[in-house]
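For reference, each letter of the sequence shown is one residue, going 57 to 187 in my numbering.
We put the beta carbon where it would ideally sit given N, CA and C, even for glycine.
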Amino acid sequence: MDRFSGSDRWAAIVGGALLAGLAVVYPVAADATARPLAVFVLPCLLSAVLGGWRPTVLVGAASLAIAAVLGVLGPLDTDALITRWSIIAIGVVIGAVGAAVREGQAARLAELDQAITVREAFERALVPVPV
């Protein structure tokens, strides 16, 4: 996690905590709620909102792995499992792409802000001195 920034680290921690909570609650509530494995996409999407694409992919891969284990242990047939796992995988990809786009936009905004600061300093230097 050395390559994670502060917000990425926070996103991975929060996403991991939500994933751990879901992994504990899901087996208890699964029968009463028709086995909603797609709920495991939520930690990944939360990580995408709080951080960048790296924690999103990390939490998403862990979510998919836990959903795969819990799905295989449950009574769902192959088609139902593949559909639920596909929903999680698509959510991970969408979250990672969204976070990557947001990171790129933030970097571009920082560059533009710096360019505006330089331009304003240059304009102040061009103002004629009153005689």
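Using the rule of at least 16 other Cβ atoms within 10 Å of the residue's Cβ for burial, across every protein chain shown, is residue i buried or exposed?
{"i": "residue 112", "result": "buried"}
{"i": "residue 83", "result": "exposed"}
{"i": "residue 178", "result": "exposed"}
{"i": "residue 172", "result": "exposed"}
What residues in its chain sit with their C-beta under 7 Å from that of residue i, if we drop five residues either side in the sequence?
{"i": "residue 114", "result": "68"}
{"i": "residue 130", "result": "86 and 91"}
{"i": "residue 64", "result": "107, 108, 110 and 111"}
Would residue i and residue j qualify as a contact pair, given that the criterion is a beta-carbon distance under 8 Å?
{"i": "residue 80", "j": "residue 120", "result": "no"}
{"i": "residue 98", "j": "residue 132", "result": "no"}
According to DSSP, simplified to helix, strand and coil, what is residue i?
{"i": "residue 154", "result": "helix"}
{"i": "residue 65", "result": "helix"}
{"i": "residue 91", "result": "coil"}
{"i": "residue 145", "result": "helix"}
Whose C-alpha, out of the options, is nearest the C-alpha of residue i?
{"i": "residue 72", "options": "62, 175, 138 and 117", "result": "117"}
Using C-beta distances below 6 Å, list every residue in its chain close to residue i, excluding the 5 sequence neighbours before and after it, in chain order.
{"i": "residue 89", "result": "none"}
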